[in-house]
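Here is the structure we will look at, set down as structure tokens.
In my numbering, the protein residues as written are -10 to 82.
This is how it looks when you write it as structure tokens:
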């Protein structure tokens, strides 16, 4: 019998972004107000403006559960972003 309890499931949220920094604070606020905290967010950014990428960087610096990566332009669009996110998911996500 294994005496170690299994690690809790972690919710992995993939958010494709493209100059959407004006609407993303609502998502961040909602997640911050949740009582369950075992989650993380990966923003997958297309070719956004410097202002958008600055917002992403600032958001990620303020909470280690947030991370952002640049989307590969060889696989554009929402499906490309989601596939990239799935490829970096960890086994307990």
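Cβ coordinates follow ideal geometry from the N, Cα and C atoms, glycine included.
Length of the line joining the Cα atoms of residue i and residue j
i, j, result
"residue 74", "residue 23", "22 Å"
"residue -10", "residue 34", "Note on residue -10: pLDDT 48, under 50, position unreliable in the model; the coordinate value appears next. If I take the Cα positions, the gap works out to 45 Å."
"residue 57", "residue 32", "4 Å"
"residue 7", "residue 45", "11 Å"
"residue 16", "residue 9", "11 Å"
"residue 27", "residue 48", "18 Å"
"residue 66", "residue 19", "25 Å"
Contact under 9 Å by Cβ, residue i with residue j
i, j, result
"residue -1", "residue 52", "no"
"residue 1", "residue 50", "no"
"residue 70", "residue 5", "yes"
Nearest-angstrom beta carbon gap, residue j and residue i [assumed within contact, 8 Å]
i, j, result
"residue 55", "residue 30", "5 Å"
"residue 62", "residue 38", "Contact doesn't hold; Cβ gap of about 16 Å is too wide."
Where the alpha helix (DSSP H) through residue i begins and ends
i, result
"residue 39", "39 to 51"
"residue 7", "Careful: residue 7 lies outside any alpha helix (DSSP H) and carries neither H nor E."
"residue 18", "13 to 21"
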